[in-house]
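Visitor: In the order they appear, the protein sequences are chains X and B. First residue of the first sequence: 28, per this note's numbering; consecutive thereafter. First residue of the second sequence: 486, per this note's numbering; consecutive thereafter. Each residue gets a CB set at the ideal place from its N, CA and C atoms; glycine is no exception. Bear in mind that the values here come from a model prediction, so they are computed numbers and not experimental data.
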Amino acid sequence: MKISKERKVQFLSKVYFGVSDNPKDDVNQFDNLEEFLSASIGELRWGSNLETRQRSKIRFSRNFSIVLASFSVNLSFEDIWISMNEDNKINTDVVNEWAELADFTN
Amino acid sequence: MKKYIFTTIFSLVTLFAAYSQNDTDTSFLHKVSTWHLFENRLINVDLKFIDPEKGNFGIDYGFNLSKNIGKSDDNPTKRIDLNLKSKGFVTVTGRNTAQNSIVNELGLVANGFPIGIKGSDIPFETIPFPEAEANPDLISLSSQRASQINSPLWMYADIHLKHETTQDFKDYDIAFGGYLAFSSSLLTGLLDMPFSIFRVSKNNKPRQLDLSIGIDYVTGLENTANATLRDDDNDANRINFKGEWETGIFKNERISFLFDSYYELDAPEMIKVADLDFNYFFQIKLEHILLVKNNSTSKLAIKYTQGELPPNFETGYVIGGGFSIEF
Numbered sequence: 028m029k030i031s032k033e034r035k036v037q038f039l040s041k042v043y044f045g046v047s048d049n050p051k052d053d054v055n056q057f058d059n060l061e062e063f064l065s066a067s068i069g070e071l072r073w074g075s076n077l078e079t080r081q082r083s084k085i086r087f088s089r090n091f092s093i094v095l096a097s098f099s100v101n102l103s104f105e106d107i108w109i110s111m112n113e114d115n116k117i118n119t120d121v122v123n124e125w126a127e128l129a130d131f132t133n
Numbered sequence: 486m487k488k489y490i491f492t493t494i495f496s497l498v499t500l501f502a503a504y505s506q507n508d509t510d511t512s513f514l515h516k517v518s519t520w521h522l523f524e525n526r527l528i529n530v531d532l533k534f535i536d537p538e539k540g541n542f543g544i545d546y547g548f549n550l551s552k553n554i555g556k557s558d559d560n561p562t563k564r565i566d567l568n569l570k571s572k573g574f575v576t577v578t579g580r581n582t583a584q585n586s587i588v589n590e591l592g593l594v595a596n597g598f599p600i601g602i603k604g605s606d607i608p609f610e611t612i613p614f615p616e617a618e619a620n621p622d623l624i625s626l627s628s629q630r631a632s633q634i635n636s637p638l639w640m641y642a643d644i645h646l647k648h649e650t651t652q653d654f655k656d657y658d659i660a661f662g663g664y665l666a667f668s669s670s671l672l673t674g675l676l677d678m679p680f681s682i683f684r685v686s687k688n689n690k691p692r693q694l695d696l697s698i699g700i701d702y703v704t705g706l707e708n709t710a711n712a713t714l715r716d717d718d719n720d721a722n723r724i725n726f727k728g729e730w731e732t733g734i735f736k737n738e739r740i741s742f743l744f745d746s747y748y749e750l751d752a753p754e755m756i757k758v759a760d761l762d763f764n765y766f767f768q769i770k771l772e773h774i775l776l777v778k779n780n781s782t783s784k785l786a787i788k789y790t791q792g793e794l795p796p797n798f799e800t801g802y803v804i805g806g807g808f809s810i811e812f
């Protein structure tokens with residue numbers, strides 16, 4: 028059965044929020060999902076200089092890809108990483124893009 | 486003359502950096518119009534009011550441009566990036582302030598080597614998508630799984646060429662070297678203990694600790710203020726150790742710490758007598774976000790800095806407060 032884009036977006040949003048709230052590598056300062064989705068990628072707490080920010084995004088992209096795979100959803104590190112470098116992009120828009128790219132296997 | 490060269494280079498690089506637009510149109514003209522030399526950029530400027538003895542007003546700036554030039558097909562976290570960056574502490578009074586310093590750097594960084602966990606070691610079972618979707622605790626489950634696969638230590642490596650100068654460009658040296666850097670969550674809890682007491686927002690949490698250790702071959706020291714102490718020994722090997730960490734306090738405020746130290750191996754005797762073979766720089770910064778708009782963040786910041794900076798390593802301290810802008 029084909030999965031609607033709305034379901035994909037809702038699912039990816041929740042996992043995105045959760046992984047960015049990793050207690051051992053927390054880059055998410057928002058208390059609720061709606062605020063998080065309205066913010067831009069650049070607003071997350073990646074770090075104070077570009078190298079630190081890149082490292083944070085590399086770690087996040089890896090963890091996000093692995094956690095999605097554990098839920099039978101395939102989204103490559105590369106696709107996530109490319110999105111993470113668009114600091115001015117709103118999280119809602121990023122999730123919509125991922126919904127197009129991700130492979131949802133039942 | 487050097488100031489004009491630097492200003493020109495800075496302006497050109499900034500123009501390139503400012504032109505970074507992502508688009509999926511594949512037409513030739515669109516590719517040309519959206520091509521950018523560097524894929525990533527970060528520019529931050531701290532405007533600060535400081536002690537009148539130090540010039541009343543100062544600017545701390547940093548810009549960093551990055552372009553990926555290589556990556557592993559088997560392990561995509563491993564990549565090599567070309568970095569061009571500059572950071573500086575400048576004041577109105579120029580040479581009258583001990584901490585005025587500008588460091589320009591070109592380097593190659595090898596990113597993304599997780600240590601302590603293999604990519605294939607997944608400590609939980611795969612759940613079918615419908616079952617995961619139906620889980621009411623999906624967010625906390627995702628957070629928990631991310632924590633379980635989190636590598637406790639990541640390693641990075643860098644080689645670089647630096648131009649270290651005072652803001653009037655009259656004193657300077659050239660450094661070539663490299664460093665190993667580590668990001669770790671191992672000490673985060675311990676470091677965060679005193680600050681968590683002052684935290685109101687449950688999600689204003691600490692970052693990983695970033696440490697680096699490296700060595701530089703420094704030349705051109707006859708152009709620095711300490712040249713007379715070097716007895717014509719104008720080259721040096723210098724070890725650099727740096728640590729950075731940041732956490733949250735109160736509701737949305739962030740406090741960050743930077744420690745940067747330099748030790749000259751086999752320094753000339755007079756340099757040792759003058760206690761200039763070991764130098765360090767320490768910074769505490771407290772920030773409150775004022776506005777986030779159009780890919781820029783404005784903050785109110787209070788900053789305390791103490792210690793010595795290259796090229797002259799003159800001891801000084803500054804307490805400043807003002808606006809911090811990041812874009």
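Could you tell me the distance, in whole angstroms, from the CA atom of residue 102 of chain X to the CA atom of residue 128 of chain X?
Guide: Here the question's residue 102 of chain X lines up with position 75 in the first sequence. Here the question's residue 128 of chain X lines up with position 101 in the first sequence. Distance between the alpha carbons of residue 102 of chain X and residue 128 of chain X: 7 Å.
Visitor: Where does residue 794 of chain B land, buried or exposed, given buried means 16+ other C-beta within 10 angstroms?
Guide: The residue given as residue 794 of chain B occupies position 309 in the second sequence. Burial call: buried.
Visitor: Mind reading off the beta-carbon distance from residue 566 of chain B to residue 545 of chain B? Whole number of angstroms is fine, and I expect it under 8 Å.
Guide: On the second sequence, residue 566 of chain B is found 81 positions in, with the first residue counted as 1. On the second sequence, residue 545 of chain B is found 60 positions in, with the first residue counted as 1. No, residue 566 of chain B and residue 545 of chain B are not in contact; Cβ-Cβ is about 24 Å, not under 8 Å.
Visitor: In chain X, what lies closer than 9 Å to residue 617 of chain B by C-beta?
Guide: Counted from its first residue, the second sequence places residue 617 of chain B at position 132. Going along chain X in sequence order, the residues near residue 617 of chain B (Cβ under 9 Å) are 38, 42, 97, 98, 99 and 100.
Visitor: Under a Cβ-count criterion, where at least 16 other Cβ atoms within 10 Å of its own Cβ denotes burial, should residue 657 of chain B be classed as buried or exposed?
Guide: Residue 657 of chain B sits at position 172 when you count from the first residue of the second sequence. Classification for residue 657 of chain B: buried.
Visitor: For the ligand MN, I want to know if residue 596 of chain B counts as a neighbour, meaning its beta carbon is within less than 8 Å of at least one of the ligand's heavy atoms.
Guide: What this structure holds is no ligand at all, so the ligand MN is not there to describe.
Visitor: Let's test the definition: count the other Cβ atoms within 10 Å of the Cβ of residue 100 of chain X and tell me whether it reaches 16, buried, or not, exposed.
Guide: One-based indexing of the first sequence puts residue 100 of chain X at position 73. It is buried - the Cβ of residue 100 of chain X has at least 16 other Cβ atoms within 10 Å.
Visitor: Can you tell me where the alpha helix (DSSP H) with residue 647 of chain B in it begins and where it stops?
Guide: Position 162 of the second sequence, counted from the first residue, corresponds to residue 647 of chain B. Not the alpha helix (DSSP H): residue 647 of chain B falls in the beta strand (DSSP E), residues 638-650.
Visitor: Using a Cβ-Cβ cut-off of less than 8 Å, list which residues of the stretch 67-86 of chain X approach chain B; keep chain order.
Guide: Of all residues in the stretch 67-86 of chain X, 67, 69, 70, 72, 74, 75, 76, 77, 78, 79, 80, 81, 82, 83, 85 and 86 have a Cβ within less than 8 Å of some Cβ in chain B.
Visitor: By the DSSP assignment, the beta strand (DSSP E) with residue 545 of chain B in it spans what residues?
Guide: For this step, residue 545 of chain B is matched to residue 60 along the second sequence. Where residue 545 of chain B is concerned, the enclosing beta strand (DSSP E) stretches over 542-556.
Visitor: Suppose you measure from the CA of residue 131 of chain X to the CA of residue 51 of chain X; what does that come to, to the nearest Å?
Guide: Locating residue 131 of chain X in the first sequence gives position 104, where the first residue counts as 1. Locating residue 51 of chain X in the first sequence gives position 24, where the first residue counts as 1. Near 27 Å, if we compare the C-alpha coordinates of residue 51 of chain X and residue 131 of chain X.
Visitor: Is the Cβ-Cβ distance between residue 557 of chain B and residue 651 of chain B less than 9 Å?
Guide: Looking up residue 557 of chain B in the second sequence gives position 72. Looking up residue 651 of chain B in the second sequence gives position 166. No. Outside cutoff.
Visitor: What residues from chain B crowd round residue 132 of chain X, counting only those whose CB sits closer than 9 Å?
Guide: By one-based count along the first sequence, residue 132 of chain X stands at place 105. Here the neighbours are 613 and 614.
Visitor: If you drop the 5 nearest sequence neighbours on each side, which residues of the same chain put their C-beta closer than 7 Å to that of residue 447 of chain B?
Guide: There is simply no residue 447 of chain B to check, as chain B begins at 486 and stops at 812 in what is shown.
Visitor: Listing by chain order, which chain B residues have their CB less than 9 Å from the CB of residue 93 of chain X?
Guide: By one-based count along the first sequence, residue 93 of chain X stands at place 66. Here the neighbours are 604, 607, 630, 631 and 634.
Visitor: Write down the C-beta distance between residue 695 of chain B and residue 79 of chain X rounded to the nearest angstrom, noting that I regard them as a contact closer than 8 Å.
Guide: On the second sequence, position 210 is the one that residue 695 of chain B refers to. On the first sequence, position 52 is the one that residue 79 of chain X refers to. At roughly 6 Å, the Cβ-Cβ gap stays under 8 Å, so residue 695 of chain B and residue 79 of chain X are in contact.
Visitor: Tell me the rounded alpha-carbon separation between residue 116 of chain X and residue 614 of chain B.
Guide: On the first sequence, position 89 is the one that residue 116 of chain X refers to. On the second sequence, position 129 is the one that residue 614 of chain B refers to. The straight-line gap from Cα to Cα measures roughly 27 Å.
Visitor: Using only alpha-carbon positions, find the residue among B/589, B/609 and B/717 that is nearest to residue 570 of chain B.
Guide: Counted from its first residue, the second sequence places residue 570 of chain B at position 85. When only C-alpha atoms are compared, the closest one is B/589.
Visitor: Please state whether DSSP places residue 722 of chain B in a helix, a strand or coil.
Guide: Position 237 of the second sequence holds residue 722 of chain B. Reduced to three states, the DSSP call for residue 722 of chain B is strand.
Visitor: For a test of the three-state rule: what should DSSP assign to residue 511 of chain B, helix, strand or coil?
Guide: Start at 1 with the first residue of the second sequence, and residue 511 of chain B comes out as number 26. At residue 511 of chain B, the pLDDT of 34 sits below 50, so the modelled position is not reliable and the matter cannot be decided from this model.
Visitor: Can you find a CB in chain X that lies within less than 9 Å of the CB of residue 559 of chain B?
Guide: Mapped onto the second sequence, residue 559 of chain B falls at position 74. It does not; no Cβ of chain X falls within 9 Å.
Visitor: Using a beta-carbon distance cut-off of less than 9 Å, what residues from the stretch 675-701 of chain B approach chain X?
Guide: Cβ contacts with chain X come from 686, 687, 688, 689, 690, 691, 692, 693 and 695.
Visitor: Go ahead and pull the three-state DSSP assignment for residue 692 of chain B.
Guide: As a first step, residue 692 of chain B must be located in the second sequence, where it is residue number 207. In this structure, residue 692 of chain B counts as coil in the three-state DSSP scheme.
Visitor: Could you spell out where the alpha helix (DSSP H) holding residue 32 of chain X opens and where it closes?
Guide: For the purposes of this step, residue 32 of chain X is identified with residue 5 of the first sequence, where counting begins at 1. Its alpha helix (DSSP H) spans residues 32-47.
Visitor: So, does the CB of residue 32 of chain X fall closer than 9 Å to a CB anywhere in chain B?
Guide: Residue numbering aside, residue 32 of chain X sits at position 5 when the first sequence is read from its first letter. So no, residue 32 of chain X is outside the interface.
Visitor: Determine the extent of the alpha helix (DSSP H) in which residue 572 of chain B is found, giving its start and end residues.
Guide: Locating residue 572 of chain B in the second sequence gives position 87, where the first residue counts as 1. It is not in any alpha helix (DSSP H) - residue 572 of chain B instead sits in the beta strand (DSSP E) that spans 564-576.
Visitor: By the three-class DSSP mapping on this structure, what secondary structure does residue 128 of chain X have?
Guide: Along the first sequence, read from residue 1 onward, the residue named residue 128 of chain X stands at position 101. Three-state DSSP puts residue 128 of chain X in a helix.
Visitor: Taking the C-alpha atoms as reference points, what is the distance between residue 57 of chain X and residue 702 of chain B?
Guide: In the first sequence, the residue the question calls residue 57 of chain X occupies position 30. In the second sequence, the residue the question calls residue 702 of chain B occupies position 217. When rounded, the distance between both Cα atoms is 44 Å.
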